[in-house]
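See below for the structure under consideration.
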Ligand code: DX5
Ligand code: ZN
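In this note's numbering, the protein residues as written are 120 to 442.
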């Protein structure tokens, strides 16, 4: 299974940050990033107040959305995201991340992002501990660990920030498909270390868009070194993000309620007809592989009628027979 698995195996993903791309040719630069294999486009929004630099606004995000094929991660380095968040959502951001250090109440903004069915993120600057996120537990899909002081591309990674990646992962324990991003100073020299720490998304700007660089090669190096770092430090490869596994086989009328409950927990789920001689018209509910153990732990609650549900793994051997 896993439709995109053939294109990019493994777990780590690379987001191309276009801050240091050629601003006069953004469409071309985005296409170059996507053709080079970048999994996401990362757009840095700066207001000259929260950070000492000014970059893109909502109109640029909307324009980028029209040319980009990959998801857009919008990183708001602005003091008042409440004033602009609706514009960024309307512009087509797939995720919106604000900084936990700002003075505004963050909860309503995170809720607004979620209400629009987009991923809600909180970013932590180098001096901010992950503990600062505690009040927002359960409201966050992305933790963006800054590897540099926000504001400019091309800075060196502050290695003390790497330890926060594992803490961020713990913070997202209730969100098995939640993502830890590392943003700032990412390159081929530190990708292995970052992967070992458990990062999901490596945001890279100057490492990709520096003049004379083979962008595609840098994307491949960063992604595969991150996966290798994880495998070396954990004794085996991490479960790929985009492989789907069946978790339950049920009568047709039970499948949709279970799917809906999983989606409410933030886990994408799909229903397919069960195959095989004993299928008898039953349905299978599939979830992404990294969420499998979390879902299995919850399944007794989800499938109230225990007799109607049998765990797909138990009924058919290892999930999908693909492992
Ligand atoms: C920094 C931005 C980053 C930046 C990364 O404030 O949030 O996204 O573009 O650039 P590099 O990879 O050059 O550090
Ligand atoms: Zn950024």
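We put the beta carbon where it would ideally sit given N, CA and C, even for glycine.
- In the displayed model, residue 321 falls within a strand according to three-state DSSP.
- For residue 200, the closest of 220, 261 and 277 by C-alpha to C-alpha distance is 220.
- Assignment of residue 240 by DSSP, reduced to helix, strand and coil, places it in the strand class.
- Rounded to the nearest angstrom, the Cβ distance from residue 301 to residue 322 is 7 Å, consistent with a contact under 8 Å.
- With a cut-off of 7 Å, the C-beta of residue 142 is classified as distant from the ligand DX5, since no heavy atom of the ligand falls inside that distance.
- Within the DSSP secondary-structure output, residue 204 pairs in no beta bridge.
- Per DSSP, residue 197 lies in no beta strand (DSSP E) and is assigned neither H nor E.
- In the three-state scheme derived from DSSP, where H, G and I count as helix and E and B as strand, residue 261 is classed as strand.
- The shortest C-alpha to C-alpha distance from residue 145 to any of 167, 131, 158 and 174 is the one to 174.
- Residue range 177 to 186 is occupied by the alpha helix (DSSP H) that includes residue 179, with no beta strand (DSSP E) assigned at that position.
- Residue burial annotation: residue 394 is exposed, with fewer than 16 other C-beta atoms found within 10 angstroms of its C-beta.
- Under DSSP, no beta-bridge partner is assigned to residue 338.
- In the three-state reduction of the DSSP assignment, residue 383 falls in the helix class, which pools H, G and I.
- Annotation: the continuous beta strand (DSSP E) that includes residue 369 extends over 363 to 369.
- Residues whose Cβ lies closer than 6 Å to any heavy atom of the ligand ZN, listed in chain order: 136, 161, 163, 194, 302 and 322.
- Under DSSP, residue 403 forms a beta bridge with 368 and 391.
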